[in-house]
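Numbering (the numbering used here), first residue to last: 1491 to 1557.
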């Protein structure tokens, strides 16, 4: 599984906004973002389209980096 990081977040509110945007766009119920590292993790059986993920993060006002 590829790793993705969100850039530009500065508070727990930012994390909540991005998480909600991803949940809405992908239908995944379990989305977690580490504020310190920006790393996104989601459910163990999730298969998230990177294009949809990028659009959801950018819609929330942040940028997405692929590692």
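In this text, a Cβ means the ideal position worked out from N, Cα and C, and glycines have one as well.
query	result
Would you kindly work out how many angstroms separate the C-alpha atoms of residue 1507 and residue 1547, rounded to a whole number?	9 Å
Indicate the three-state DSSP secondary structure (helix, strand or coil) for residue 1492 in the structure shown.	coil
Can you check which of these residues, 1500, 1551 and 1527, is closest to residue 1557 by C-alpha distance?	1527
Pick helix, strand or coil for residue 1527, following the three-state DSSP scheme.	coil
Kindly provide the ranges of any alpha helix (DSSP H) runs that are 4 or more residues long and lie completely inside the stretch 1497-1526, ordered along the chain.	1502-1516
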